[in-house]
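Below is one structure, written out as C-alpha cells; comments come after it.
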Amino acid sequence: MTASQHTPRPLCAAAWRAIRRAVAALRHVNDQQTLMWETWWQANRATVPETGPLTWVMSLDGRRLAGRHLAAADDTRTGGAP
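Going by the numbering used here, the first residue of the sequence shown is number -8, and it counts up by one from there.
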C-alpha cells in the first residue's frame, strides 16, 4: 500500500462529516421555519361564531358582523341640520 492510496480516505471521511453537519444544520433551520409559519398561521386565525344574537355574515368586503344587537346606522335622516 502506498502513501498516495491512503490519503483520500481521511479526506473522504472529513468531507462526509462536513456534509452530515450541513444537512443537520439545514434540517434544524427548516424545522424552525416550519414552526414559525405554523405559529403565524395559528395566530392569525379568528374563530367565527355562528350562533347567538350576533353572527358573522359574508359580504363583498369579506366577513362583517350582523345581528339584532348592533347599533342602528343613522342613515334614515332626510336632510337638514341636526
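Positions of the beta carbon are idealized from the N, C-alpha and C atoms, including for glycine.
When DSSP reads this structure, Ala57 sits in a beta bridge with Thr46. In the three-state DSSP reduction, Arg36 falls in the coil class, being neither helix nor strand. Straight through space, the alpha carbons of Ala15 and Gln24 are spaced by roughly 14 Å. Secondary structure of Asp22 (DSSP, three-state): helix.
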